[in-house]
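Chemist: Per our numbering, the sequence shown starts with residue 6, numbered consecutively. Please read through the structure below; I'll follow up with questions.
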Amino acid sequence: MTDLPNPLSHAYLLTGGSGESRAALIQRMTAAYLCQGERPPCGRCAPCRKAAAGVHPDVWRTAPAPDKREITVDQIRALRADAYVRPNEGRRKVYIIDPADAMNPAAQNALLKVLEEGPAYAAFLLSAAQPGLLLDTVRSRCEPLCLPPEEAPPDPELLERGAALAALLLEGDELACAQALVELELQKPKGEQLSALLGEAENQASRRLAQDPRRGARVLRALKACRENAVYRPSAGHTLGWLLAELFQS
Ligand SMILES: [Zn+2]
6 MTDLPNPLSH
16 AYLLTGGSGE
26 SRAALIQRMT
36 AAYLCQGERP
46 PCGRCAPCRK
56 AAAGVHPDVW
66 RTAPAPDKRE
76 ITVDQIRALR
86 ADAYVRPNEG
96 RRKVYIIDPA
106 DAMNPAAQNA
116 LLKVLEEGPA
126 YAAFLLSAAQ
136 PGLLLDTVRS
146 RCEPLCLPPE
156 EAPPDPELLE
166 RGAALAALLL
176 EGDELACAQA
186 LVELELQKPK
196 GEQLSALLGE
206 AENQASRRLA
216 QDPRRGARVL
226 RALKACRENA
236 VYRPSAGHTL
246 GWLLAELFQS
């Protein structure tokens, strides 16, 4: 889980990751601003629980209206007016603008002043998939928080090829293995793809280990070493050639 900045600044712009991962971090940061426990966000105190349930009276969310694509200047004016009213329960008020890149330019301009000179208790959390749509002046008033890219789900075709490769290696037909590896090499898989494919081959091989323990264990060892090298070796050809030599050398 992403570590929260400590101490928290008064305004953040969250980018990168996915909409869900940014929303999850915003949820934790909101709780951290409002928490009355020892190590915010404790997740157990009343403010943390209210924030998690979306019922904390000092949290203000701004998003486009259901039938609209933009956040309007009127919405930001309403936020601004609220920001000058002291918190209801806690020491802070948290203003979440998600997606912030849905603010039209007039809305962004309306936000500037409160973002820069708002009351000390007001905290702002902006989430944007496309931060380039925000004015420089808005961006520069927020601490940037860029989430790492999400791992893509495994490609089903890659997994199938991994399973087929494991079957051939376990059968021990050198020619068929060589053909399969040459075909694979011609597709020029990148280091991570090759590594994922070999990982799946490893899974499959380990499932069949019971059927032929000696050969199975050897194939598994070779696949594992090959996978670990996949990201460093200069080409798929090098990596796969090495796998073939390892398994069929006399
Ligand atoms: Zn708490």
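Yeah, the Cβ is synthetic: ideal placement off N, Cα and C, and Gly gets one too.
Do Ala36 and ligand 1 come close, with the Cβ less than 7 Å from some heavy atom?
Modeler: Yes - ligand 1 has a heavy atom lying nearer than 7 Å to the Cβ of Ala36.
Chemist: In angstroms, rounded to a whole number, what distance separates the CA positions of Ser14 and Glu148?
Modeler: Between Ser14 and Glu148, the C-alpha separation is close to 7 Å.
Chemist: Considering only their Cβ atoms, is the gap separating Gly95 from Ala52 smaller than 8 Å?
Modeler: At residue 52 the sequence reads Pro, which differs from the Ala that was named. The answer is yes: Cβ separation under 8 Å.
Chemist: Since Met108 sits in a beta bridge, which residues does DSSP pair it with?
Modeler: For Met108, which the question treats as bridged, DSSP gives the partners Ile76.
Chemist: Given Lys193, which residues of its chain have a CB within under 7 Å of its CB, disregarding the five upstream and five downstream residues?
Modeler: Closer than 7 Å at Cβ, skipping near neighbours: Ala241.
Chemist: Check Leu140 in the structure and name its three-state DSSP category.
Modeler: Note: Leu140 maps to coil in three-state DSSP.
Chemist: Put Gly177 into one of helix, strand or coil per three-state DSSP.
Modeler: Three-state DSSP puts Gly177 in coil, outside helix and strand.
Chemist: Pick out the complete alpha helix (DSSP H) segments inside the segment 161 to 225, 4 residues or longer, and give them in chain order.
Modeler: 161 to 176, 179 to 191, 196 to 212, all fully within the segment 161 to 225.
Chemist: Taking the beta carbon of Thr142 as the centre, do at least 16 other beta carbons fall within 10 Å, making it buried, or is it exposed?
Modeler: Exposed is the call here.
Chemist: Please go through the same chain and pick out, in chain order, the residues whose beta-carbon is closer than 6 Å to the beta-carbon of Glu176, but skip the five residues on each side of it.
Modeler: Counting only Cβ-Cβ distances below 6 Å, and skipping sequence neighbours, we find nothing.
Chemist: Are at least three pairs of beta-carbons, each pair with one atom in the segment 118 to 138 and one in the segment 181 to 201, less than 8 Å apart?
Modeler: Too few Cβ pairs lie closer than 8 Å, so no.
Chemist: Can you check which of these residues, Val64, Leu248, Leu120, Gly59, is closest to Asn93 by C-alpha distance?
Modeler: When each option's Cα is compared against that of Asn93, the closest is Val64.
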